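Enquirer: Dropping a structure here in structure tokens format, bear with me for questions.
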Amino acid sequence: MAGWPVISLGTSSIEDSARISVSIEDHTRDSSSDQVMSFMGGKNARRNYGKTRAAVASVATERFQILLDQAKQMARKDEKLSQRYVSLARKISSRTKVRIPRESKMYLCKGCGLALVPGYNAKIRLHAHTTGIVISCLSCGAVKRYPVRAKIAASKGLAR
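Residue numbers (this note's numbering): -1 to 158.
What follows is the structure, encoded as structure tokens:
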């Protein structure tokens, strides 16, 4: 502690400030933050890769699911905020190398970065014979196509 500058927290003496800063530093470190830091690159970064990878993946999945849910809620109110949430979710996904689930990714526009809400800013069409499911963004006009096989379409009642 001797080499670190002491920041006054409005206490009566420098010793009280040092005591408070030490207690704050002791409580902020936990084992999960150590695991995440070793995953990001430390002395023993490769030693616990499997354990830390699973921990980072579960936290990342939870975080971007929350962001995508918020983006869908905010799509009707504030498009800029919705775009920001989607970009943050994509950034978390790419940095942690965790895929966004296909069901969630279907309702994200690559063109404008909005969360697509069917009936509000997205149009969904089913084409049984040609392309399958077609999702169109009404904000920028981008189109996504998801093929549907004939057997699956017949079992779901899409084929004629």
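We put the CB at the ideal spot given by N, CA and C, even for glycine. Note that this is a predicted model, so its numbers are computed, not measured.
1. Could you tell me the distance, in whole angstroms, from the CA atom of isoleucine 122 to the CA atom of alanine 55?
2. Runs of 3 residues minimum, wholly inside the segment 77 to 134: which ones carry the beta strand (DSSP E) assignment?
3. Is it a yes or a no for the segment 107 to 117 touching the segment 90 to 98, going by three-plus beta-carbon pairs under 8 Å?
4. Straight-line CA distance for serine 19 to glycine 117?
5. Please go through the same chain and pick out, in chain order, the residues whose beta-carbon is closer than 6 Å to the beta-carbon of cysteine 138, but skip the five residues on each side of it.
6. Could you check the C-alpha separation between alanine 73 and lysine 142 for me, to the nearest Å?
7. Just to confirm, are serine 80 and leucine 112 a CB contact at a threshold of 9 Å?
8. Thinking C-beta only, is alanine 58 closer than 9 Å to alanine 69?
9. To the nearest angstrom, how far is it from the Cα of valine 132 to the Cα of threonine 50?
10. Using alpha carbons as the reference points, say which of Arg147, Val115 and Val84 lies closest to phenylalanine 62.
11. Verify whether the separation of the beta carbon atoms of serine 102 and leucine 66 is less than 9 Å.
12. In the structure shown, what three-state DSSP assignment does valine 57 receive?
Expert: So, from the listed chains and residues:
1. Whole-angstrom Cα-Cα distance: 31 Å.
2. Along the segment 77 to 134, the beta strand (DSSP E) occurs as fully enclosed runs of 3 or more residues at 120 to 125, listed in sequence order.
3. The segment 107 to 117 vs the segment 90 to 98: no contact.
4. The pLDDT assigned to serine 19 is 43, lower than 50, so where the model puts this residue is not dependable; a value taken from the coordinates is nonetheless given after this. Answer to the nearest angstrom: the Cα atoms are 54 Å apart.
5. Taken in chain order, the residues that qualify are Gly109 and Cys110.
6. Cα to Cα, alanine 73 sits roughly 19 Å from lysine 142.
7. A distance below 9 Å separates the beta carbons of serine 80 and leucine 112.
8. By the CB criterion at 9 Å, alanine 69 and alanine 58 fall outside the cutoff.
9. Approximately 39 Å between the Cα atoms of the pair.
10. Phenylalanine 62 has its Cα closest to that of Val84, out of Arg147, Val115 and Val84.
11. Between serine 102 and leucine 66, the gap from beta carbon to beta carbon is short of 9 Å.
12. It is helical.
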